[in-house]
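> In our numbering, the protein residues as written are 377 to 1048.
Even glycine gets a Cβ: it sits at the ideal position worked out from N, Cα and C.
Below is one structure. I have some questions about it.
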């Protein structure tokens, strides 16, 4: 033992696995930025309006109402939509055979630039198959195969290699006098016999590790051994050397450490790795999607390169070895990590270093592995993917676990992540359009000196105009890439909507306020008594007194009646225009093209918009429902007039987007 306690490799690896650090996706960071900006604006507006209201002696109840409306502008629903989108994505991927352990894992996969994978157990099925034995020195396959079969069966500790050899060759278990079991640091195992039929030291291992014990002439580039190893490795086979010393039986020195005598090579043993099901198809699909693939393995670089070629990763690739990386400085290491595709004889810390180098290049890196040695790299990567059949430590730290040990599930997972991006982008458009519109209307109406334009009860209407549409657009979303200029795109959508809706909405509010105020003054005298008998609708009077708590004839009742009426008209207008945004985001026909340039093949959003439009019409028409949402019943000619204003808004909005007026105004029109 070299180190004990907390300094041991196992404990340091465990400490690494226990550490947790949440990695936000680009979409999450953009949502956070947007929400923080909105909160800043709301806090600024709230402070100014509330301080001004206090100096004017506004009642405390009214202050609470204004504060409720302002704080309601913060798009809390975005967090719910993000959670819902991730939950739906995790559920869909679970049915395909993958377990999401970090809520944003599916969406994170869709943003990946580089996918790094271990070879054994990831690209391959972690099963070795005996390919053949290739004798040296003129021996026959039978002469070499018999001791090799005995060797594989006589080891006290078997492994995948010895099991594959034993399954491919005949032999019998013999009593050994000494043994050195396989270890990854040595990359060889040895057994010695001292019997009449089998005597001496037999060793099987990697050529580069046994080279110091072999005759120098066998290591020459043109020697049969070296030539055979190169040829078999280039075909993607795992290659080992089987060697013998008939005169020695001891495998340990005086201190008990493992030692080998000089050896004579008997044969080269070749084994083949079984590729994972659908490995070729999945690698081809990721290549078409523009995702860079890298294979990182502890095996011989030539073998890894040939296997990668079998899997369709690359036709001609120059592998990079771990010893070569050790000789490079930081800049050279980073360059090799970015340019290389196949890496062999890589140590666990070098895997982590390769991932870290790619992250420093600004890449979003996914690491796929199944062993304990993959844990540091899985933790370091933007997204860690583990095989269910791998080690428990790898599964514990992974963001995504492939339950069926097949990374073919990554294809649907990738598209599911792109679908989440599409849905959340639509949700962002709707939420921010609502927030920007209401904020500008509050500023515009307040600047004109009129009363506050919204009632807290009307905030519930956003369920129909934002909440339900955002949920279904997320549910029905099509896969799409995250827009690089998402924030400018949001501005191009939100600013024209907010400005036009504010101009028309503020006009409707002011006109309705003035008409109702003059009408009330004409119907009622200053004392609150009717000016003309029979002209006062009792239902009208009872409804407004019940809703506002203000008795007709009391101080300020005329302004309150006008305000409540104008607030209702404004809410009707902005609610219907918000529903029409669904048709702009998912246009069912060319008539609705403006923001989008292509007709949506999905007709469900259009049906949803029609249903919501009808539901809102019912809200305006049924007294108890309208009362609940703060929109008191209005005559049909008022509803028709507002509907006409909505139609005008629609054609103006479509014309603004089609003509790219905002881009032209800001000098961003690229057609010029």
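For residue 952, collect the residues of the same chain with a Cβ closer than 8 angstroms to its Cβ; drop the 5 residues on either side in sequence, then sort them by chain order.
Cβ within range, chain order: 989, 992, 1018, 1019 and 1022.
> Assuming residue 648 is part of the beta strand (DSSP E), what are its boundary residues?
Per DSSP, residue 648 belongs to the beta strand (DSSP E) from 640 to 651.
> Are there 16 or more other CB atoms within 10 angstroms of the CB of residue 514, so buried, or fewer, so exposed?
Exposed is the call here.
> Which same chain residues, not among the five before or five after residue 474, have their C-beta less than 7 angstroms away from its C-beta?
Hits under 7 angstroms: 776, 777, 778, 779, 785 and 789.
> Residue 510 and residue 642: beta carbons closer than 8 angstroms?
No, the pair does not count as a contact, with Cβ atoms beyond the cut-off.
> Could you give the first and the last residue of the continuous beta strand (DSSP E) run that contains residue 745?
Looking at the DSSP string, the run of the beta strand (DSSP E) that includes residue 745 is 741 to 745.
> Would you identify the three-state DSSP class for residue 562, choosing helix, strand or coil?
Here residue 562 sits in coil by DSSP.
> Residue 621 by DSSP, collapsed to three states: which one?
The answer is strand: DSSP assigns residue 621 an E or B state.
> Please classify residue 907 as buried or exposed, where buried requires at least 16 other C-beta atoms within 10 Å of its C-beta.
Because the pLDDT at residue 907 is just 49, under 50, the model does not fix this residue reliably, and the point stays unresolved.
> For residue 761, name the three-state secondary structure that DSSP assigns.
Note: residue 761 maps to strand in three-state DSSP.
> Just to confirm my understanding: we take residue 587, look at its own chain, exclude 5 residues before and 5 after, and list those with CB closer than 7 angstroms. What are they?
Closer than 7 angstroms at the Cβ level, and outside the excluded window around residue 587, lie 595.
> Assuming residue 638 contacts residue 578 (C-beta within less than 8 angstroms), just tell me the rounded distance between them.
No, residue 638 and residue 578 are not in contact; Cβ-Cβ is about 14 angstroms, not under 8 angstroms.
> Report all residues from its chain with a CB closer than 6 angstroms to the CB of residue 1032; omit the five preceding and five following residues, and keep chain order.
So the qualifying residues of the chain are 872.
> Pop quiz: residue 1006 and residue 934 are said to be a contact at Cβ under 8 angstroms. What is the actual Cβ separation, rounded to whole angstroms?
About 19 angstroms; that fails the 8 angstroms criterion.
> In its own chain, which residues sit with a C-beta less than 7 angstroms from the C-beta of residue 726, not counting the 5 before and 5 after it?
Excluding positions up to five away in sequence, the list reads 698 and 701.
> In terms of residues, what are the limits of the beta strand (DSSP E) holding residue 668?
Looking at the DSSP string, the run of the beta strand (DSSP E) that includes residue 668 is 668 to 672.
> Within 10 Å of its beta-carbon, does residue 744 have 16 or more other beta-carbons around it, so buried, or fewer, so exposed?
Flag for residue 744 reads buried.
> Residue 671 and residue 689 - do their beta-carbons sit closer together than 8 angstroms?
Yes.
> If you follow the beta strand (DSSP E) that residue 719 is part of, which residue opens it and which one closes it?
It spans 718 to 720 - the beta strand (DSSP E) in which residue 719 sits, taken as one unbroken run.
> Count the other C-beta atoms from every protein chain shown that fall within 10 angstroms of the C-beta of residue 1061, then say buried if there are 16 or more, exposed otherwise.
With the chain covering only 377 through 1048, there is no way to say anything about residue 1061.
> Do residue 658 and residue 783 have their beta-carbon atoms positioned less than 8 angstroms apart in this structure?
Result yes, Cβ atoms of residue 783 and residue 658 sit closer than 8 angstroms.
> DSSP three-state label for residue 970, please.
Note: residue 970 maps to coil in three-state DSSP.
> Is residue 531 closer than 8 angstroms to residue 567 when the C-beta atoms are compared?
Yes, Cβ-Cβ distance for residue 567 and residue 531 is below 8 angstroms.
> Any idea what DSSP makes of residue 616, helix, strand or coil?
In the structure shown, residue 616 sits in a strand (DSSP, three-state: E or B).
> What's the gap between the Cα of residue 802 and the Cα of residue 477?
C-alpha separation (whole angstroms): 26 angstroms.
> Is residue 741 near residue 770, with beta carbons less than 8 angstroms apart?
No; because the gap between Cβ atoms is not below 8 angstroms, this pair is not in contact.
> Could you tell me which of 554, 539 and 874 sits nearest to residue 817, measuring between CA atoms?
Of the listed residues, the one whose Cα sits closest to residue 817 is 874.
> Between the beta-carbon of residue 753 and the beta-carbon of residue 795, is there less than 8 angstroms?
Taking 8 angstroms as the Cβ cut-off, residue 753 and residue 795 do not qualify as a contacting pair.
> If you reduce the DSSP assignment to three classes, tell me which class residue 850 lands in.
Three-state DSSP puts residue 850 in a helix.
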